[in-house]
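*Asks:* If you use the numbering used here, the sequence shown corresponds to residues 1 to 556, in order. All residues carry an ideal CB built from backbone N, CA and C; glycine is no exception.
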Amino acid sequence: MRRAGWAAAAVVVGWYVFALAILHPLTDAPVVDSWLYGSAVRRFLRTGEIRFAGFTQVMPIAQVIYGAVWSRAFGANSVSLELSVVTLAVLCGVMFHALAIECGASRWQALAATGLLICNPCFTFLSFSFMTEIPFLTMMIAAHLAFARAGGRREDLWLWIAAALAVIAFMIRPFGAMAIAGCAGAMLLYGAGRPATRRLDRARWLKMMAPFGVALAVCTGLWVWLTVLGPKPWDLQLDENHFYYLSRVPLASYLRAGVLGPALYLGMVLSPLAILQLTTPRWRRVAIGGAGILAAALILMWMDNRLPVTPECSCFGGWRNVLILRGDSNRFSWDGNWQYAFLTLASLGAAGLIVAFAEILRTISRAAAAIVIAAIIYWAATIPLWFYNDRYYLVMVPAGAIVLALAPLPRSRMLKAAGLGMTLAMGLMSLGGTYAYQRGMAVILATRNELEREGVPRSAIDAGYTLNGEDLYRYPKHGIETMKLEAGIPMITSAKVDEYTLASKPIAGTQVVRRLKWPGPFGLGHRYFYLVRKQDAAGNGGNPPNAPPAATPSRN
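The following block contains the structure:
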């Protein structure tokens, strides 16, 4: 078993070495919301204060501390902070494999489940960012692994370690509390670790639950400190003011976006293992369930097509909407009829996941139950909060992968090759999308730099959400800024069109100065976005800067 662990670690490390070779050089620019957290790290290094921008809704204290420690050794630029998360992604993959083994998975299914996690389009993309998802998942899986190790003479120690790691996860994202609930729930159901085999005396039971009671108290205190006693970021206050709209949403919308949407996402990204349930005696249930899910999805989509697209893929780095520029809608959408092919695959995958869970329900271990309970609680919490995006669904992927790793499959080399092959194909698509984003961001960064060298002030350049946040956000010397202070920042707090704009398509009232090439959705081929200049009252665009007619992405 130890040899299998080393082999899995080699696979995870090898995958990221391969990924870095493909993506080199990483662009020295933040990825999506990374500018918020990178700025907090640099402010902490400069002032010793942990303070977040008012535009944020997440306050990842533990991530800032980790980023500051890393930055003192390797620097605080965007590339360095991205590599700090790559390190956590590798650790996350290795620990997840160990967790799958602890939960009772066979070697090849544990390895396949690990592949489903690290090859996930969202996981791959965010591994090369300073976003909160990967650090959060790393701490969550570490907490569940410690809980899985709790047994024998060191049971109490491992339970305290699990509780402490859950608190650290909470200090990255508040949903870390779900790990506490999952472990405590599993303890209530399983006692000392063997379901319905022996009863604990009250003193022993209280001693085992104590770590999670303390962890919950600490998390509650942190929440009060951050959201009640301390000044709230203004964007979080705005979001809280919108809660009264929740009761006005039709039930059908909740069913499609909050229930069916996440299920289809999980079915899609877990399909390399989930659809293998069709090779078992349970294939009829999978086929019938898949047809029912597909029919329900089509009906609900017909009733309201304004909801988040089903299945959701907003966090796949290859889609245009991930490079948030003015022009086209920045909402995810499928091109052509590909949606229906992936919807069919996702429906079968979701049915396979449900059938697999039903198969293992009676024999599931305490460790596996903890991560499944945590995911169910998390899913239930996201529905009323309207957290409908694959960034949020990613948190449930480990639980789904564990379920599929435990569900029995035929022992066939061809079956194993098919599962691992489909997982690798998903990983290559994910990597191609991340490559497209990195090269596209490199073009945007180079174009911004060229304009500044030509004498265009940075305040007159709309370079998209990420770079505008990095360059134009105004931080006060003390305290959290107000919304009024941040007014007028394009793509952040303002819809105004600047003198120069990097856009996903030409904008009415502007003149195209340059057409910019970047890779296609999977890193292959090419597509374009545009540098445009606002026309004056006479309809003239003015003299464009003396820059080359086109910028192209750097090549490896």
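#1: Report the three-state DSSP secondary structure of Pro490 (helix, strand or coil).
#2: For Glu312, count neighbouring Cβ atoms within 10 angstroms of its own Cβ and tell me buried if that reaches 16, exposed if not.
#3: I need the DSSP call for Pro553, collapsed to helix, strand or coil.
#4: What's the C-alpha gap between Val17 and Asp304?
#5: Would Val522 and Gly432 be called neighbours here (beta carbons separated by less than 7 Å)?
#6: If I follow the unbroken alpha helix (DSSP H) through Leu323, where does it start and stop?
#7: List, from N- to C-terminal side, the alpha helix (DSSP H) runs of 4 residues or more that fit wholly inside the region 123-170.
#8: I need the DSSP call for Arg514, collapsed to helix, strand or coil.
#9: Would you check if the distance between the CB atom of Ala370 and the CB atom of Ala146 is smaller than 7 Å?
#10: Just checking, does the region 417-437 make contact with the region 120-132 on the three C-beta pairs under 8 Å criterion?
#11: Whole alpha helix (DSSP H) runs in the region 275-329 with 4 or more residues, listed along the chain?
#12: In the structure shown, what three-state DSSP assignment does Lys534 receive?
#13: Per DSSP, which residues does Phe529 bridge with? Please list them.
#14: Between the region 290-302 and the region 356-368, can you find at least three pairs of beta-carbon atoms closer than 8 Å?
#15: If you run the structure through DSSP and keep just helix, strand and coil, what is Ile180?
#16: With distances taken Cα to Cα, identify the nearest neighbour of Gly267 among Leu445, Gly352, Ala399, Arg453.
#17: So the candidates are Glu452, Ser459, Thr447; which of them puts its Cα closest to the Cα of Lys517?
#18: Going straight from the alpha carbon of Ser253 to that of Ala297, what length do you get?
#19: Is it true that the region 490-505 meets the region 321-331, where meeting means three or more beta-carbon pairs spaced less than 8 Å apart?
#20: Please say whether Trp158 and Arg149 have beta carbons closer to each other than 7 Å?
#21: Short of 6 Å in beta carbon distance, which residues of its chain neighbour Ala399, apart from the five on each side in sequence? Order them along the chain.
#22: Please classify Arg139 as buried or exposed, where buried requires at least 16 other C-beta atoms within 10 Å of its C-beta.
#23: Compare the C-alpha of His97 against each of Leu345, Ala110, Ala367 and name the closest.
#24: Could you compute how far the alpha carbon of Val224 sits from the alpha carbon of Leu251?
#25: Please identify the residue among Leu348, Asn337, Val249, Ile461 whose C-alpha is closest to the C-alpha of Arg282.
#26: Give a yes or no on whether the C-beta atoms belonging to Ser78 and Asp28 are separated by under 7 Å.
#27: Nearest-angstrom Cα distance between Gly75 and Asp471?
#28: For Asn389, does the count of other Cβ atoms within 10 angstroms reach 16, so buried, or fall short, so exposed?
#29: Within its chain, find whatever has a CB closer than 6 Å to the CB of Ile492; leave out the 5 residues flanking it on each side and keep chain order.
#30: Assign Pro457 to one of two classes, buried (16 or more other C-beta atoms within 10 Å of its C-beta) or exposed (fewer than that).
#31: Terminal residues of the continuous beta strand (DSSP E) containing Asp502?
#32: Just verifying my parser: in three-state terms, what is the DSSP assignment at Ile118?
#33: Looking at chain C, is there any beta carbon in it that lies within less than 7 Å of the beta carbon of Leu137?
#34: Mind checking whether Leu206 and Ile134 have CB atoms under 7 Å apart?
#35: In angstroms, rounded to a whole number, what distance separates the CA positions of Ser39 and Ala287?
#36: Please state the DSSP three-state secondary structure of Ile402.
*Replies:* Walking through what the data contain:
#1: strand
#2: buried
#3: Below a pLDDT of 50, predicted positions are generally treated as unreliable, and Pro553, at 36, falls in that range; the measurement from the model is reported next regardless. Correct three-state label for Pro553: coil.
#4: 44 Å
#5: A quick correction: the sequence has Phe, not Val, at residue 522. Result yes, Cβ atoms of Phe522 and Gly432 sit closer than 7 Å.
#6: That residue, Leu323, is in no alpha helix (DSSP H); it is neither H nor E in DSSP.
#7: 133-149, 155-170
#8: strand
#9: no
#10: yes
#11: 283-303
#12: strand
#13: Leu516
#14: no
#15: helix
#16: Gly352
#17: Thr447
#18: 11 Å
#19: yes
#20: yes
#21: Ile371, Val372, Ala375
#22: Looking at the sequence itself, residue 139 is Met, so the reference to Arg does not match. By the neighbour-count rule (16 or more Cβ atoms within 10 Å), Met139 is buried.
#23: Ala110
#24: 32 Å
#25: Leu348
#26: yes
#27: 19 Å
#28: buried
#29: Asn468, Gly469
#30: exposed
#31: The identity of residue 502 in the sequence shown is Leu, whereas the question assumes Asp. Looking at the DSSP string, the run of the beta strand (DSSP E) that includes Leu502 is 500-503.
#32: helix
#33: No chain C is part of this structure, which consists of one protein chain only.
#34: no
#35: 49 Å
#36: helix
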